[in-house]
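>
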Amino acid sequence: MRLEIESIDIKDIQAGSKTYGKGGVLYINLKELEELILRDPRIKSVEINLVYPGDKVRILNILDVIQPRCKIDKVGADFPGFIGKMQIAGSGRTRSLRGVAIIVSNPCTNRKENALLDMAGPIAEMSPYGKMRNVIIAPTIAADVKERDFEDAARIAGLKAAIYLARGAEGNPVSEVEVYDLDIPNLDKKSNLPRMACYYQLYSPQFDYLAISDPCFYGTHATHMMPTILHPNEVLDGGVVGWLAIKALDTYSIQNHGVIKELYRHHGRDLIFVGVVCAVANVEPVPRARGACMAANLLKNVLGADGVILMKILGGMPHIDLALTGEECEKVGVKTAIFTQPLTSFGTLADTILFNAQSLDLIITSSATFERTKIPWKPEKFLGGSAQTRIFCPDPITQYAGDPVIDIEEYLLPGVLDCTGSAKVIVKEY
Amino acid sequence: MAEKKLRVVHYLNQFFGQVGGEEKATAGFVVKEGPVGPGLALQKGLGDRAEIVATVICGDDFFAGNPDKNAEEGLKLVASYQPDLFFAGPAFAGGRYGVACGAMCKAVNGELGIPVITGMYEENPGMDIYRKYAFICKAPNSARGMAEVIGNMTRLAFRLISSEKETRILTQENLPKPEEYNYFSRNLLRNAYCDKSIAERAVEKLVAKLQGKPFESEVNPPRFEKVPPPAPIKDPSKCEIALISDGGLVPKGNPDGLATRSNLKWGAYDIEAIFHEYEVAHAGYFNDHVLARPERLVPFDVMRDLVKEGKIGKLHRTFFSTSGNCTVSKRCGEMGEEMGAEIKKRDVDAAILTST
Chain G
185 MRLEIESIDI KDIQAGSKTY GKGGVLYINL KELEELILRD PRIKSVEINL VYPGDKVRIL
245 NILDVIQPRC KIDKVGADFP GFIGKMQIAG SGRTRSLRGV AIIVSNPCTN RKENALLDMA
305 GPIAEMSPYG KMRNVIIAPT IAADVKERDF EDAARIAGLK AAIYLARGAE GNPVSEVEVY
365 DLDIPNLDKK SNLPRMACYY QLYSPQFDYL AISDPCFYGT HATHMMPTIL HPNEVLDGGV
425 VGWLAIKALD TYSIQNHGVI KELYRHHGRD LIFVGVVCAV ANVEPVPRAR GACMAANLLK
485 NVLGADGVIL MKILGGMPHI DLALTGEECE KVGVKTAIFT QPLTSFGTLA DTILFNAQSL
545 DLIITSSATF ERTKIPWKPE KFLGGSAQTR IFCPDPITQY AGDPVIDIEE YLLPGVLDCT
605 GSAKVIVKEY
Chain S
32 MAEKKLRVVH YLNQFFGQVG GEEKATAGFV VKEGPVGPGL ALQKGLGDRA EIVATVICGD
92 DFFAGNPDKN AEEGLKLVAS YQPDLFFAGP AFAGGRYGVA CGAMCKAVNG ELGIPVITGM
152 YEENPGMDIY RKYAFICKAP NSARGMAEVI GNMTRLAFRL ISSEKETRIL TQENLPKPEE
212 YNYFSRNLLR NAYCDKSIAE RAVEKLVAKL QGKPFESEVN PPRFEKVPPP APIKDPSKCE
272 IALISDGGLV PKGNPDGLAT RSNLKWGAYD IEAIFHEYEV AHAGYFNDHV LARPERLVPF
332 DVMRDLVKEG KIGKLHRTFF STSGNCTVSK RCGEMGEEMG AEIKKRDVDA AILTST
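Read top to bottom, the protein sequences are chains G and S.
Heads up: the first sequence begins at 185 in our numbering, then just goes up one per residue.
Heads up: the second sequence begins at 32 in our numbering, then just goes up one per residue.
1) Against chain S, does A432 (chain G) count as a neighbour if the rule is that its beta carbon must be under 8 Å from one of theirs?
2) Express the C-alpha separation of D248 (chain G) and V518 (chain G) in angstroms, rounding to a whole number.
3) Have a look at L597 (chain G) and A338 (chain G) and give me their C-alpha separation to the nearest angstrom.
4) Does the CB of K258 (chain G) have a neighbour CB from chain S at under 8 Å?
5) Would you kindly work out how many angstroms separate the C-alpha atoms of W427 (chain G) and A607 (chain G), rounded to a whole number?
6) What alpha helix (DSSP H) runs, 4 residues minimum, are completely inside the segment 87-143 of chain S?
7) According to DSSP, which residues form a beta bridge with I325 (chain G)?
8) Shorter than 8 Å from the beta carbon of C270 (chain S) to some beta carbon of chain G?
9) Just checking: is the beta-carbon of S194 (chain S) within a distance shorter than 8 Å of some beta-carbon in chain G?
10) Rounded to the nearest angstrom, what separates H313 (chain S) and R574 (chain G) at their Cα positions?
11) Can you list the residues of chain G that I302 (chain S) reaches, using a CB-CB cut of under 7 Å?
12) Determine the DSSP secondary structure at E53 (chain S), reduced to helix, strand or coil.
13) Check distances from the C-beta atoms of the segment 228-253 of chain S to those of chain G and list, in chain order, the residues that come in under 8 Å.
14) What's the C-alpha gap between C400 (chain G) and M495 (chain G)?
15) So P209 (chain S) contacts chain G; which residues on that side make the cut at Cβ distance below 8 Å?
16) Output needed for N140 (chain S): all residues of its chain with C-beta closer than 8 Å, excluding positions within five of it in sequence on either side, in chain order.
17) Is N233 (chain G) near L567 (chain G), with beta carbons less than 8 Å apart?
18) Would V327 (chain G) and L210 (chain G) qualify as a contact pair, given that the criterion is a beta-carbon distance under 8 Å?
19) Among G:L187, G:S550, G:S388 and G:E446, which residue has its Cα nearest to the Cα of I456 (chain G)?
20) When the distance is taken between beta carbons, is I522 (chain G) closer than 8 Å to L506 (chain G)?
21) Relative to the alpha-carbon of Y614 (chain G), which residue among S:L201, S:A304 and S:N97 has its alpha-carbon at the smallest distance?
22) Whose C-beta lies closer than 8 Å to the C-beta of M32 (chain S) among residues of the same chain, with five residues either side of it excluded?
23) Reducing DSSP to helix, strand and coil, say where Q525 (chain G) ends up.
24) List the endpoints of the continuous beta strand (DSSP E) containing M151 (chain S).
25) Only counting the same chain, and skipping five residues up and downstream in sequence, which positions put a Cβ closer than 8 Å to that of S311 (chain G)?
26) With a cut-off of 8 Å, does the C-beta of A290 (chain S) fall near any C-beta of chain G?
27) How big is the Cα-Cα spacing for C132 (chain S) and F94 (chain S)?
28) Under 8 Å between C-beta atoms, does Y316 (chain S) make it to chain G?
29) Closer than 7 Å between beta carbons: that is the criterion. Which residues of the segment 489-500 of chain G meet it against chain C?
30) Return helix, strand or coil for M32 (chain S), following the three-state DSSP convention.
31) Give me the Cα-Cα distance between K206 (chain G) and V284 (chain G), rounded to the nearest whole angstrom.
32) Would you tell me roughly how many angstroms separate the C-alpha atoms of I590 (chain G) and C357 (chain S), rounded to the nearest one?
33) Does DSSP classify Q632 (chain G) as helix, strand or coil?
34) Would you say S276 (chain S) reaches chain G, if we count a Cβ-Cβ gap shorter than 8 Å as a contact?
35) To which residues of the same chain is D224 (chain G) closer than 8 Å at the C-beta, ignoring the five residues directly before and after it?
36) Can you pull the chain G residues whose beta carbon is under 9 Å from the beta carbon of R221 (chain S), in chain order?
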């Protein structure tokens, strides 16, 4: 399977009478984009704003962040299953815009734990999205639509906007072409290089809002999915998207999946990349054991992996699930590097490990997701909410978006931490 | 205008405070104006920016007799000088002295909120007890390393009183790097910026592991002890049984302020009352089912039926509750011991623990 991602660097975005790109500037017909979004009857109205680095704007209730992308050589192949009919993602040519992101905000949410981004101040410093030009899409819910259906509609609106922008940029000079070409059935079997895979925990149902799972896999939810082999390109090219809430993960980060891209960089050099096994974190012990054994078997006896990077989704329970999978891998002779996310900021690193397995001897800290940080910054404008929007804190304190200082957990700051491994962050004892 | 000189108080034991040797270890507190003994080197290191206004001295045995009470006593003496900075020791390998330095630092920082700095050898028992309350510079096991430790302590002190942010950690707090300032980490974990991404480190290290080369894990996990279950109770119909849960069920209003994540507290509540007015303080699971029927977290209804049927003697009227979500295991163990001690006082024969 071969995927070419043709990146166009966007230096500026501006509202225009039609959508087109010229000289690195993307002009956007906001009216046309609005009409496109309002075709979904679950959405009553939508507010679209363009924001720029340095703007004293706080974007609230963020549901997802998406990189503008579209297929160049295929019809109806963008985010398959989510938009249009099912087909396999990951082959052909894809246009991708750099320096610009779609940020979907849900001002109608009743969730308690919501994400936010500032376009200036400390958060903008921390997050790559704070340094981009962003299109903020804040739809409102139509009458009689259920909250979870609306969340789905809001994300679909974001995906449509991502396609719309990428299509609009046609004709701009391509800044870079990345080729992701991996012919898994015909990999160099004679190579002496170690065969390496990635175990990708893509969802955990433990946080299921209103007891409904988020669609994140080819248009459906994945809660009952057995461990499944994916071609890595399926992940990079829209087969998998983020949750309907930011949890140190969003669609943008999946489109630029850290571990998959890194394994590609090393492929043929010091390892052979043999593919991805994806799975969900199980909440019950019996399915957990089943999933762990199945995943280890797929890695060992189907992909023929010598080593696997076990990646973790947010939460404590996925930590245990991942460890059991790791133990099964080591048992059958697949060597592991396992991610951990310390769940607290107190104690030593050793205190934060929830498993007791000597075979898991290579542990990578993929950030302390629940670390709290105080943000002393006063926005002048709020999008997707107001100065009175409640900001979540695990301590029983009440705080609002307009307070001079907010105390927030970093997993709610999109782009700052990243479960796919792109963040240049490590956890240290202080 | 010249910067205001910082006021410093220094704590020493009887030996370094020049009261006397081991024979004076039982001596109580004395205060001397200005620097004493190692304080002279400390004053030299502090230069013109800070002045040791007083040295508080106490005998090691005296202090060790009741560290908490004596720390309180010492704190009063320290506070009367209104210091901006507090130093203790260094204590090197001195066990009683280390505990005294640590206890003084804890009391002073807790009450006055000023930076507190001491120095100890890594095996000094005071180090592990007080590392989270004080900045403890690494020291050798004998006083021969005095000059170097004092140098480190002053360097760290100046860093702490500066308003410098630590730009290498995400929270940007003024938290100097332990390796750079040669102090024992204080049981805090921080996300720090790194030259390499998580993915880059993972692939690089796993390649090394597969090649049979040395590799370094970013965490070296502890090996947990196995806890054997106690003997079962013989006749439940004669037993009083308590209910415990870590699912975060608390009385409405969360009177003890249990945190929904990384909680360190537990509460004891009347079981009848809590089922009338309650809420859930736990962000690790979807709360709606428990909010609708708290009996599914804490089996109050089933237990009441079993009591009625005579299968269980009595249901204890206090329910013990905590919120177990991302709490480090060490603290969970402590809470278990605390709850256990409380339950033992109450003539309860057994407890049922339910979780999420």
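Using N, Cα and C, we set each Cβ at its ideal position, and we do this for glycine too.
As the structure is a prediction and not an experimental result, all values here were calculated from the model.
The relevant details are as follows:
1) Your numbering for residue 432 (chain G) matches position 248 in the first sequence. It does not: the Cβ of A432 (chain G) has no partner Cβ on chain S nearer than 8 Å.
2) Locating residue 518 (chain G) in the first sequence gives position 334, counting from the first residue. Locating residue 248 (chain G) in the first sequence gives position 64, counting from the first residue. When rounded, the distance between both Cα atoms is 35 Å.
3) As a first step, residue 597 (chain G) must be located in the first sequence, where it is residue number 413. As a first step, residue 338 (chain G) must be located in the first sequence, where it is residue number 154. The straight-line gap from Cα to Cα measures roughly 19 Å.
4) Along the first sequence, one-based indexing puts residue 258 (chain G) at 74. So no, K258 (chain G) is outside the interface.
5) Walking along the first sequence from the start, residue 427 (chain G) turns up at place 243. Walking along the first sequence from the start, residue 607 (chain G) turns up at place 423. Between W427 (chain G) and A607 (chain G), the C-alpha separation is close to 18 Å.
6) The segment 87-143 of chain S contains these whole alpha helix (DSSP H) runs: 91-96, 98-110 and 126-143.
7) As a position in the first sequence, residue 325 (chain G) is number 141, starting the count at 1. Answer is G:I227.
8) By one-based count along the second sequence, residue 270 (chain S) stands at place 239. Residue-level contact check: C270 (chain S) does not touch chain G, since none of the beta carbons of chain G fall below 8 Å from its beta carbon.
9) Taking the second sequence and counting its residues from 1, one reaches residue 194 (chain S) at position 163. No, its Cβ sits nowhere closer than 8 Å to a Cβ of chain G.
10) By 1-based counting over the second sequence, the position of residue 313 (chain S) is 282. By 1-based counting over the first sequence, the position of residue 574 (chain G) is 390. If you draw a straight line from the Cα of H313 (chain S) to the Cα of R574 (chain G), it comes to about 18 Å.
11) Within the second sequence, the letter at position 271 stands for residue 302 (chain S). Chain order gives no chain G residues near I302 (chain S), where near means a beta carbon separation below 7 Å; the closest approach is about 22 Å.
12) The residue labelled residue 53 (chain S) in the question sits at position 22 within the second sequence. In the three-state DSSP reduction, E53 (chain S) falls in the helix class (H, G or I).
13) Listed by position along the chain: S228, I229, A230, E231, R232, A233, V234, K236, L237, V238, K240, L241, Q242, F246, S248, E249, V250, N251, P252 and P253.
14) Numbered from its first residue, the first sequence carries residue 400 (chain G) at position 216. Numbered from its first residue, the first sequence carries residue 495 (chain G) at position 311. Straight-line Cα distance between these residues: approximately 17 Å.
15) Counted from its first residue, the second sequence places residue 209 (chain S) at position 178. Within 8 Å Cβ-Cβ: E613 and Y614.
16) To locate residue 140 (chain S), count along the second sequence from 1; it is residue 109. These residues qualify, in order along the chain: F117, P146, V147, Y164 and A165.
17) For the purposes of this step, residue 233 (chain G) is taken as the residue at position 49 of the first sequence. For the purposes of this step, residue 567 (chain G) is taken as the residue at position 383 of the first sequence. Yes, these two residues count as a Cβ contact at 8 Å.
18) If you number the first sequence from 1, residue 327 (chain G) lands on position 143. If you number the first sequence from 1, residue 210 (chain G) lands on position 26. Before going on, a small fix: residue 327 (chain G) reads as Ala here, not Val. Result no, Cβ atoms of A327 (chain G) and L210 (chain G) do not sit closer than 8 Å.
19) Translated into the one-based positions of the first sequence, residue 456 (chain G) becomes position 272. The option with the nearest alpha carbon to I456 (chain G) is G:E446.
20) Mapped onto the first sequence, residue 506 (chain G) falls at position 322. Mapped onto the first sequence, residue 522 (chain G) falls at position 338. Taking C-beta atoms as the reference points, L506 (chain G) and I522 (chain G) count as a pair closer than 8 Å.
21) Stepping through the first sequence from its first residue, residue 614 (chain G) is reached at position 430. The closest CA to that of Y614 (chain G), considering only S:L201, S:A304 and S:N97, is found on S:L201.
22) Sequence index remark: in the second sequence, residue 32 (chain S) carries index 1 (1-based). With a pLDDT of only 46 at M32 (chain S), under the threshold of 50, the placement of this residue in the model should not be trusted; the figure read from the coordinates follows. If the five residues before and after M32 (chain S) are omitted, its C-beta is found closer than 8 Å to no C-beta atom of its own chain.
23) Taking the first residue of the first sequence as position 1, residue 525 (chain G) is located at position 341. Q525 (chain G): coil per DSSP, three-state reduction.
24) Start at 1 with the first residue of the second sequence, and residue 151 (chain S) comes out as number 120. Start and end: V147 to M151.
25) Looking up residue 311 (chain G) in the first sequence gives position 127. So the list reads L301, L597, P598, G599 and V600, once near-sequence residues are dropped.
26) Mapped onto the second sequence, residue 290 (chain S) falls at position 259. Yes, A290 (chain S) counts as interfacial toward chain G.
27) In the second sequence, the residue the question calls residue 132 (chain S) occupies position 101. In the second sequence, the residue the question calls residue 94 (chain S) occupies position 63. Going by the C-alpha atoms only, they are around 10 Å apart.
28) Taking the second sequence and counting its residues from 1, the one referred to as residue 316 (chain S) is at position 285. Yes - at least one Cβ of chain G is within 8 Å of the one on Y316 (chain S).
29) Chain labels in this structure do not include chain C; the protein chains are G and S.
30) Locating residue 32 (chain S) in the second sequence gives position 1, where the first residue counts as 1. Residue confidence for M32 (chain S) is low, a pLDDT of 46 falling below 50, so the modelled location carries little weight; the figure read from the coordinates is stated next. Looking at M32 (chain S) - three-state DSSP - the assignment turns out to be coil, as it is neither helix nor strand.
31) If you number the first sequence from 1, residue 206 (chain G) lands on position 22. If you number the first sequence from 1, residue 284 (chain G) lands on position 100. In a straight line, the C-alpha of K206 (chain G) is about 15 Å away from that of V284 (chain G).
32) On the first sequence, position 406 is the one that residue 590 (chain G) refers to. On the second sequence, position 326 is the one that residue 357 (chain S) refers to. Going from the Cα of I590 (chain G) to the Cα of C357 (chain S) covers about 22 Å.
33) Since the first residue shown for chain G is 185 and the last is 614, residue 632 (chain G) is missing from the structure and cannot be characterised.
34) Mapped onto the second sequence, residue 276 (chain S) falls at position 245. No, because no Cβ of chain G sits closer than 8 Å to the Cβ of S276 (chain S).
35) Here residue 224 (chain G) is taken as the residue at index 40 of the first sequence, counted from 1. Closer than 8 Å at the Cβ level, and outside the excluded window around D224 (chain G), lie A337, I340 and A341.
36) By one-based count along the second sequence, residue 221 (chain S) stands at place 190. Correct list: S529, A552, E555, V611, K612, E613 and Y614.
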